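Peer 1: Provided herewith is a single structure, encoded as structure tokens, for subsequent inquiry.
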Amino acid sequence: MRRERAAQQPQLHQTANLTRNTEDIMAVDIFIKIGDIKGESHDKGHKDEIDVLNWSWGMSQSGNMHMGSGGGSGKVNIQDLSITKYIDKSSPNLMAHCSSGKHIDKVKLTVRKAGGESQVEYLIINLEEVIISSLSTGGSGSDDRLTEHVTLNFAKVTVDYQPQKADGTKEGGPIKYGWNIRSNVKI
20 MRRERAAQQP QLHQTANLTR NTEDIMAVDI FIKIGDIKGE SHDKGHKDEI
70 DVLNWSWGMS QSGNMHMGSG GGSGKVNIQD LSITKYIDKS SPNLMAHCSS
120 GKHIDKVKLT VRKAGGESQV EYLIINLEEV IISSLSTGGS GSDDRLTEHV
170 TLNFAKVTVD YQPQKADGTK EGGPIKYGWN IRSNVKI
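Mind the numbering: the sequence shown is residues 20 to 206 in this note's numbering, read in order.
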């Protein structure tokens, strides 16, 4: 009976691998340009920008649909944009900006599919009137490089999303979003 189970397990594993859709796995390149602060990207289209390992950003709306005859909405709560990156030559400048609260006019986050002939930049987030709201550094003895987590607080945001065909080429023009957080109005 043990032999039968051992023989069946590899088949189940192989079956699971056969049903996995490899198109769902997508590597991306992520870059951020933070004012005139130089990073260590060597990419020809993003030279001296900061290579980003991961990022997150979000928003929430404090509606009152669950309260009696509610149905109203409040002011959107736009969260800080957070990135994780390797410690690099941008780190001391980011620390200085966080310490002083010095404003940065513009920040641009770019996401594109990695590799291939046509590397479409399919998501571009532009921030204006930005401050470094937090910075934390860390790592462990098993890490090959130290990382840091940086959050950006901003007054305006625009987002351009470029749809793509199955072959990775552009499909139509970008879909746009923009918000002035300070004024709480669409851009």
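Backbone N, C-alpha and C fix where the C-beta goes; we use that ideal spot for every residue, glycine too.
This one's a predicted model, so the numbers in the text were calculated from it and none came from an experiment.
Secondary structure at residue 113, three-state DSSP: helix, strand or coil?
Peer 2: Three-state result, residue 113: helix.
Peer 1: Since residue 146 contacts residue 167 with CB under 8 Å, what's their CB separation in whole angstroms?
Peer 2: Actually they do not touch by this definition, with Cβ atoms about 18 Å apart.
Peer 1: Check residue 75 in the structure and name its three-state DSSP category.
Peer 2: DSSP places residue 75 in strand when its eight states are reduced to three.
Peer 1: Please report the distance separating the alpha-carbon of residue 189 from that of residue 160.
Peer 2: Their backbone Cα atoms lie some 43 Å apart in a straight line.
Peer 1: Determine the DSSP secondary structure at residue 152, reduced to helix, strand or coil.
Peer 2: Residue 152: strand per DSSP, three-state reduction.
Peer 1: List the residues that DSSP assigns as beta-bridge partners of residue 126.
Peer 2: DSSP output for residue 126 lists 53, 146 as bridge partner(s).
Peer 1: Is the stretch 166-184 close to the stretch 104-111, with three or more CB pairs under 8 Å?
Peer 2: Verdict: yes, contact present.
Peer 1: Would you kindly work out how many angstroms separate the C-alpha atoms of residue 78 and residue 129, rounded to a whole number?
Peer 2: Between residue 78 and residue 129, the C-alpha separation is close to 19 Å.
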